[in-house]
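Novice:
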Amino acid sequence: MKKETKKLDREVRTRIAPSPTGPAHIGTARTALFNYLFAKNPPGGGKGKFILRIEDTDKERSLQKWTDEVIEQLKWLGIEWDEGPDIGGTFGPYKQSQRAEIYKKYLEKLFTEDKAYYCFCTEEELENKRQEQMSRGLAPKYDGACTRLSAEIIKKNLTEKKPSVIRFRVENKKIKFNDLIRGDVEFDAGLLGDVVIAKNFENPLYHFAVVVDDFEMKISHVIRGEEHLSNTPRQILLQKALGFNTPIYAHLPLMLNMDKSKMSKRQGDVAVSDYHNNGYLPEALINFMVLLGWNPGTEKEIFSLSQLKKEFSVEKVQKAGAIFNVTRLDFLNGFYIREKDIKKLAELCKPYLKEAGLLITGQVSENTLEKIIEVSKTRMKKLLDIVELSDFFFKENLSFDKNLLKWSKMEDTDVKEALLLCLPDGRQATNKKSLGDLNPKKGEWTVQKIKEVLEDAAVEFNKQKNYPGKNRGFLLWPLRVALSGKQFSPSPFEIAEILGREKTLERINEAIKLL
RNA sequence: GGCCCCAUCGUAUAGCCUGGUCUAGUACACUGGCUUUUCAAGCCAAGAACACCGGUUCAAAUCCGGUUGGGGCCA
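1384 is the number of the first residue of the first sequence in the working numbering; add one for each residue after it.
1) Given 8 Å as the limit, is there contact between the stretch 1419–1434 and the stretch 1500–1516, that is, 3 or more CB pairs closer than that?
2) Just reading off the alpha helix (DSSP H) that Y1419 is part of, what are its end residues?
3) Considering only residues of the same chain and omitting the five flanking positions on each side of W1464, which have a CB-CB separation below 7 Å?
4) What is the DSSP secondary structure of L1787, reduced to helix, strand or coil?
5) How would you label Q1447, buried or exposed, when you count the other beta carbons within 10 angstroms and need 16 or more for buried?
6) Apart from the five residues on each side of it in sequence, which residues of its chain come closer than 6 Å, Cβ to Cβ, to T1796?
7) Given this structure, state the Cα-to-Cα distance separating W1860 from F1718, to the nearest angstrom.
8) Check whether the Cβ atoms of V1673 and F1686 lie closer than 8 Å to each other.
9) Going by beta carbon distance, what residues of the same chain come within less than 6 Å of C1502, once the five residues before and after it are set aside?
10) To the nearest angstrom, how far is it from the Cα of N1586 to the Cα of D1439?
11) With H, G and I counted as helix, E and B as strand and the rest as coil, what does DSSP make of Y1486?
12) DSSP has C1732 in a bridge; who is on the other side?
13) Are three or more beta carbon pairs between the stretch 1875–1889 and the stretch 1850–1867 nearer than 8 Å?
14) With distances taken Cα to Cα, identify the nearest neighbour of I1881 among F1783, A1581, L1420, Q1831.
15) Thinking C-beta only, is F1421 closer than 8 Å to K1601?
16) Would you mind giving the Cβ-Cβ distance between H1590 and V1605, rounded to the nearest angstrom? I have them listed as a contact below 8 Å.
17) Pick out whichever of Y1486, M1641, K1726, K1512 has its Cα sitting closest to the Cα of D1597.
18) Assuming F1707 and M1763 make a contact with CB atoms under 8 Å, what is their CB distance in whole Å?
19) Short of 6 Å in beta carbon distance, which residues of its chain neighbour F1570, apart from the five on each side in sequence? Order them along the chain.
20) Which class does I1891 belong to by DSSP, given the choice of helix, strand or coil?
21) For my contact list, M1638 and I1409 are in at a C-beta cut-off of 8 Å; report their separation, rounded to the angstrom.
22) At a cut of 8 Å, does the stretch 1727–1739 reach the stretch 1445–1459 through at least three beta carbon pairs?
23) Between K1825 and the ligand COA, is the CB less than 7 Å from at least one heavy atom?
24) Of all the options A1705, L1897, Q1479, K1648, which has the alpha carbon lying nearest to the alpha carbon of G1405?
25) Can you say whether Y1759 is buried or exposed, counting buried as having 16 or more other CB atoms within 10 angstroms of its CB?
26) Go ahead and label P1851 buried or exposed: buried means 16 or more other beta carbons lie within 10 angstroms of its beta carbon, across all protein chains shown.
27) In the DSSP assignment, the beta strand (DSSP E) including L1635 goes from what residue to what residue?
28) With H, G and I counted as helix, E and B as strand and the rest as coil, what does DSSP make of Y1663?
29) Measure the Cβ-Cβ separation of L1563 and Y1632 and say whether it is below 8 Å.
30) Whose C-alpha, out of Q1650, N1614, S1644, L1712, is nearest the C-alpha of G1662?
31) I'd like the list of long-range same chain contacts for G1576, defined as Cβ closer than 7 Å, with 5 residues on each side in sequence excluded.
32) If you draw a straight line from the alpha carbon of E1455 to that of I1769, how long is it in whole angstroms?
33) P1734 to L1741, Cα distance in whole Å?
34) State the beta-bridge partners of W1677 as determined by DSSP.
35) Starting from D1465, follow the alpha helix (DSSP H) in both directions and report where the run begins and ends.
36) If we ignore side chains and look at the alpha-carbon of each, how far apart do A1703 and Q1690 end up?
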């Protein structure tokens, strides 16, 4: 289980190679992150390069819009690459669809050296053989029916346009390699069978294309998900057949569903855009993802991307898969939201408020918006939450059940009295100031003043009604509900200040009418 | 089914390489408390794990073997 730390004479070059067949997957983002961090701070020191390659060999399912999407999401996360798909063309092009000539060249080389051959077996034949092997308790493996076809038969089949694929002769031997995370790993390639590497000379398949691309792009370290671990031996064999160097491998633990299976769409959001759109902050997502499978060995667990660039090291990466626990992501996201500069946070919340039709340009001042967000932010797990949390600040009319106004065992009349006490003429009932007596023009409409007046009123109210003196809920709860229309909200002092005197009094009156 | 990988509180992990300082640390979550008009946030506290069996050793979470369990790949 030794992990070698070989000195590299080559430049460190890592890559991420997504297939643009759907929205960018969260697993792709995490793999990208680890590759990026590794390149930024390679074991031997110096600076490496991180490359973005687009694996769009599947022409039917690959769409430009998904390539654009992956780019957008990686940029959003702050993961930057040095080459590809449209920048820095030293080893380009960086899209597999544009590299057909390169693949063809190597495919031909394999053919001339008799390391690859045409296979004319049909899907059906293959499937039957597979079933038969499995029923006998054997590993399903290509039986080699076409390995030694005569030149005439091949020619005949080809001219007849019989469907064919290209297979690679997999040597019957043990393959050993050293994985940066897992140590020594050994496979018996004899169990593999000859693998299909291309549909034809124009259409290479995954195993072949990665091997060629990684070599041509001088990738030094292949850091990828554990699902590729068992693909590694056949790729190594291909490299050997082609005369390539084998890169250094590091297989990352998988991100798992709650039931420990590989993270999948069925059990929650897997697209980076899902998290982006719901208002997770990139810093939270980065921090969360990196801690899934890595930690510095200290008790520190809040990391910015730039700190990570200095502190990350592969040796500290776990071997076991990690469950993607949204609750923890929520905590981290809430933490970063609370930490955020209020102006920036307001900017980030705006789109959500606009989308919900709450924020109409020019209607609410920047200053007020910031106050609204300031009093709501401790309750936010994600940016989208701001909508539910603050809608009552923006609405003209509130609608809620009048019973919500009652604190403890209050009757309608009690509630009414409490609310009346906050109004300008409520003063009649007491010799203290009421809310309505505060004059905004004299700078009296502040949380501080409002709080003073209301606390006095609460004491007075309790005295009158013979309520337990310490419990201010008899006044404050009805007031808070009158102002927010909600069971849970910021304090009535904060709400009143933001709402302004006029609107505050209006809402109190509206509530009284309900009773 | 074959092959490969993995295994510390519910979750993420520290500790494992270099056995003793581990009556196993931290964070999230959960529970209780403080604060409090409410919900949050904050603070305090409590509960909670070395998968199992054997071996090596004076001593094992740590080293070795096996078992079990989980996962991945192969179509």
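In this text, a Cβ means the ideal position worked out from N, Cα and C, and glycines have one as well. Remember, it's a predicted structure, so these values are computed and weren't measured experimentally.
Specialist: Based on what the coordinates show:
1) no
2) Taking the first sequence and counting its residues from 1, the one referred to as residue 1419 is at position 36. That run of the alpha helix (DSSP H) goes 1409–1423.
3) One-based indexing of the first sequence puts residue 1464 at position 81. Result list for W1464: F1433, I1434, L1435, in chain order.
4) Here residue 1787 refers to the residue found at position 404 of the first sequence. In this structure, L1787 counts as helix in the three-state DSSP scheme.
5) The residue given as residue 1447 occupies position 64 in the first sequence. Flag for Q1447 reads exposed.
6) Working through the first sequence from its first residue, we reach residue 1796 at position 413. Closer than 6 Å at Cβ, skipping near neighbours: no residue.
7) Indexing the first sequence from 1 puts residue 1860 at position 477. Indexing the first sequence from 1 puts residue 1718 at position 335. Each residue's alpha carbon lies about 28 Å from the other.
8) Position 290 of the first sequence, counted from the first residue, corresponds to residue 1673. Position 303 of the first sequence, counted from the first residue, corresponds to residue 1686. Yes. Within cutoff.
9) Counted from its first residue, the first sequence places residue 1502 at position 119. Excluding positions up to five away in sequence, the list reads C1529, V1548, R1550.
10) Locating residue 1586 in the first sequence gives position 203, where the first residue counts as 1. Locating residue 1439 in the first sequence gives position 56, where the first residue counts as 1. Their Cα atoms are separated by approximately 11 Å.
11) In the first sequence, counting from the first residue as 1, residue 1486 sits at position 103. Three-state DSSP puts Y1486 in a helix.
12) Your numbering for residue 1732 matches position 349 in the first sequence. According to DSSP, C1732 bridges with nothing at all.
13) yes
14) Position 498 of the first sequence holds residue 1881. Comparing Cα positions, the closest option is Q1831.
15) What you label residue 1601 is simply residue 218 of the first sequence in a count that begins at 1. What you label residue 1421 is simply residue 38 of the first sequence in a count that begins at 1. No, the pair does not count as a contact, with Cβ atoms beyond the cut-off.
16) Against the first sequence, residue 1590 aligns to sequence position 207. Against the first sequence, residue 1605 aligns to sequence position 222. About 13 Å; that fails the 8 Å criterion.
17) Stepping through the first sequence from its first residue, residue 1597 is reached at position 214. Measuring from the Cα of D1597, the nearest candidate turns out to be Y1486.
18) Residue mapping note: residue 1707 aligns to position 324 of the first sequence, counting from 1. Residue mapping note: residue 1763 aligns to position 380 of the first sequence, counting from 1. Rounded, the Cβ-Cβ distance is 21 Å, inconsistent with contact.
19) As a working note, residue 1570 is residue 187 in the first sequence. Closer than 6 Å at the Cβ level, and outside the excluded window around F1570, lie I1558, P1616.
20) Residue mapping note: residue 1891 aligns to position 508 of the first sequence, counting from 1. Three-state result, I1891: helix.
21) By one-based count along the first sequence, residue 1638 stands at place 255. By one-based count along the first sequence, residue 1409 stands at place 26. Confirmed, about 7 Å.
22) no
23) What this structure holds is no ligand at all, so the ligand COA is not there to describe.
24) The sequence position of residue 1405 within the first sequence is 22, counting from 1. With distances taken between Cα atoms, G1405 lies closest to K1648.
25) Here residue 1759 corresponds to residue number 376 of the first sequence, with the count starting at 1. First, the amino acid is wrong: residue 1759 is Ser here, not Tyr. Buried, by the Cβ-count rule.
26) By one-based count along the first sequence, residue 1851 stands at place 468. Exposed.
27) Taking the first residue of the first sequence as position 1, residue 1635 is located at position 252. Where L1635 is concerned, the enclosing beta strand (DSSP E) stretches over 1631–1635.
28) The residue given as residue 1663 occupies position 280 in the first sequence. It is coil, neither helix nor strand.
29) Along the first sequence, one-based indexing puts residue 1563 at 180. Along the first sequence, one-based indexing puts residue 1632 at 249. Cβ distance < 8 Å, so L1563 and Y1632 count as in contact.
30) Indexing the first sequence from 1 puts residue 1662 at position 279. Answer by Cα proximity: L1712.
31) As a working mapping, residue 1576 is identified with position 193 in the first sequence. Cβ neighbours of G1576 beyond the five flanking positions: K1524, Y1525, V1553.
32) Here residue 1455 refers to the residue found at position 72 when the first sequence is read from its first residue. Here residue 1769 refers to the residue found at position 386 when the first sequence is read from its first residue. The alpha-carbon atoms of E1455 and I1769 are separated by roughly 24 Å.
33) For this step, residue 1734 is matched to residue 351 along the first sequence. For this step, residue 1741 is matched to residue 358 along the first sequence. Whole-angstrom Cα-Cα distance: 10 Å.
34) Taking the first sequence and counting its residues from 1, the one referred to as residue 1677 is at position 294. DSSP, once it has assigned bridges, lists V1700 as partnering W1677.
35) Walking along the first sequence from the start, residue 1465 turns up at place 82. Per DSSP, D1465 belongs to no alpha helix (DSSP H) and is neither H nor E.
36) In the first sequence, residue 1703 corresponds to position 320, counting from 1. In the first sequence, residue 1690 corresponds to position 307, counting from 1. The alpha-carbon atoms of A1703 and Q1690 are separated by roughly 24 Å.
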